[in-house]
Amino acid sequence: MSAADSVAAAVAQLRQSLAAGRLAHGYLVHGPVRTAGCRLLADFLPTLFCQAQDKPCGECAECRRVAAHEHPDILTLEPESKARMITIGEDENEGIRKVVRFISLTPFIGPWKVCVILDADRMNAAAANALLKTLEEPPPASLLFLLAESPQSLPPTVISRCQRLALGAEEGGGDEPWRAPLLEWLRAGPASDPLLQSVRAGQLGAILDAERERVAEAEEEAAKDEGQDKLVIAARVGARYRAVRATLLKALLLWHRDVLLRVLGVETGGFHYAAEAAAQQRQAAGLTPASALADVRRLEKLVQRLDQFPEASESALLGAGLPQRAK
Ligand SMILES: [Zn+2]
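Residue numbers (our numbering): 1 to 327.
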């Protein structure tokens, strides 16, 4: 996916979440900060404040304020000083302290309070720690965007509390540990043998289990310092795991959309896994547009069901809901 496509996809995702009332409080935008990252903000932020019916109109007073970087409900912080660090700040007018205070205030114009931290990976440990509290207990109607080129240098506790948006990444998405095994799994493709198909469901389940463990370890590690009780930790692990699972399933869905495009004979453009043309062509062979579309629909339904049912039914839902081939 090109950088421009990834920005458009991320903006569309944010608008969708906004419309569904499901915006996260914290977003970690991973990619080139001052190009793709700032483009994303310029495209999305007006949507939050625009007063027109069709948002963003680009013309109303609010849209113009956002575009001019003069909106009183948006605060942008970036590294200062020679060391180019983001610090906690001496007082409430500086650094992360300023962010924490700003975001806790009632919106001036509203309906949102937005803080943007550019080069968030330049936060020192004290700054990240101070921000963590806000990420854990975000004030209502608050939104935090952390933009970072190397998010891996942020503490895992911060990363785990943000939803990730990858920009300008290579096709196939970011660098999460599940990407490689998932790609391997996707290349093999759906099976017609029911036994093989259930083995595949099990393999996907194992990839997800590994992620759940990773999330649980990170949260437990974080909780050691914070003295949180077990229920709080479990709730956080659950929420974080479901977010990871949603990203993973989206990667799976995008693969099947690619296959559909290939069945339709599309040759260039719009592919999420452009480098996987050979494997996708193999899977596309023998499919009709209707059956390739059915795979996509099936996965969309699976994603919905997984959201509706408790985690305990996950493996059963995977077993029944993955694309498969007729014998
Ligand atoms: Zn507007």
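Cβ atoms here follow ideal geometry from the backbone N, Cα and C, with glycine treated the same way. Fair warning: this is a prediction, and the values are worked out from it, not measured in the lab.
Nearest C-alpha to Thr76 among Glu62, Leu144 and Cys60: Leu144.
In terms of CA proximity to Lys113, Phe49 leads the group Phe49, Ala274 and Pro289. Within the chosen limit of 8 Å, ligand 1 reaches the beta carbon of Cys60 through at least one heavy atom.
In this structure, Lys55 has its beta carbon less than 8 Å from a heavy atom of ligand 1. A straight-line Cα-Cα distance of about 12 Å links Arg65 and Gln51. C-alpha of Lys230 to C-alpha of His272: approximately 39 Å in a straight line. Asp54 counts as exposed, since fewer than 16 other C-beta atoms from the protein chains shown sit within 10 angstroms of its C-beta. Taken from the Cβ of Gln281, every heavy atom of ligand 1 lies 8 Å or farther away. Separation of the CB atoms of Ala279 and Ala292 is rounded to 15 Å, and the pair is thereby denied contact status at 8 Å. Boundaries of the alpha helix (DSSP H) around Phe49: Cys38 to Phe49. Set against 8 Å, the gap from the CB of Ala42 to the closest heavy atom of ligand 1 is not smaller.
For Pro46, the CB falls within less than 8 Å of some heavy atom of ligand 1. In this structure, DSSP gives Lys327 a state outside helix and strand, which the three-state scheme calls coil. Ligand 1 has no heavy atom closer than 8 Å to the beta-carbon of Ala68. DSSP places Arg161 in no beta strand (DSSP E); its state is neither H nor E.
For Ala52, there is no enclosing beta strand (DSSP E), as DSSP gives it neither H nor E. Annotated as distal: Met85 and Asn129, with beta-carbon spacing of 9 Å or more.
Put simply, of Val158, Pro155, Ala246 and Glu92 the residue whose alpha carbon is nearest the alpha carbon of Leu208 is Ala246. The criterion of a C-beta distance shorter than 9 Å is not satisfied by Val296 and Arg240. Sequence-distant Cβ neighbours of Arg262 in its own chain, meaning closer than 7 Å and more than five residues away, are Gln280, Gln281 and Ala284. The three-state secondary structure of Glu90, taken from DSSP, is coil. Here Val116 carries a strand assignment [DSSP, helix/strand/coil]. Per DSSP, Tyr241 is one residue of the alpha helix (DSSP H) stretching across Lys230 to Val263. Annotation for Thr134: the continuous alpha helix (DSSP H) segment containing it runs Ala125 to Glu136. Excluding the 5 residues flanking it on each side, Ala191 has same chain C-beta neighbours closer than 7 Å at Gln197, Arg200, Gln324 and Arg325, in chain order. The DSSP-derived three-state label of Glu78 is coil.
Between the region 23-31 and the region 149-164 there are three or more C-beta pairs closer than 8 Å, enough to call the two in contact.
Per DSSP, reduced to three states, the secondary structure at Gly205 is helical.
Shown here, Ala68 sits in coil according to DSSP, grouped into three states, outside any helix or strand.
Phe145 is bridged by DSSP to Tyr27 and Val116. Proximity of the region 201-221 to the region 146-160 meets the contact definition, three or more beta-carbon pairs being nearer than 8 Å. For Glu184, the uninterrupted alpha helix (DSSP H) run begins and ends at Arg179 to Ala188, by DSSP.
By the CB criterion at 9 Å, Phe309 and Leu317 fall inside the cutoff.
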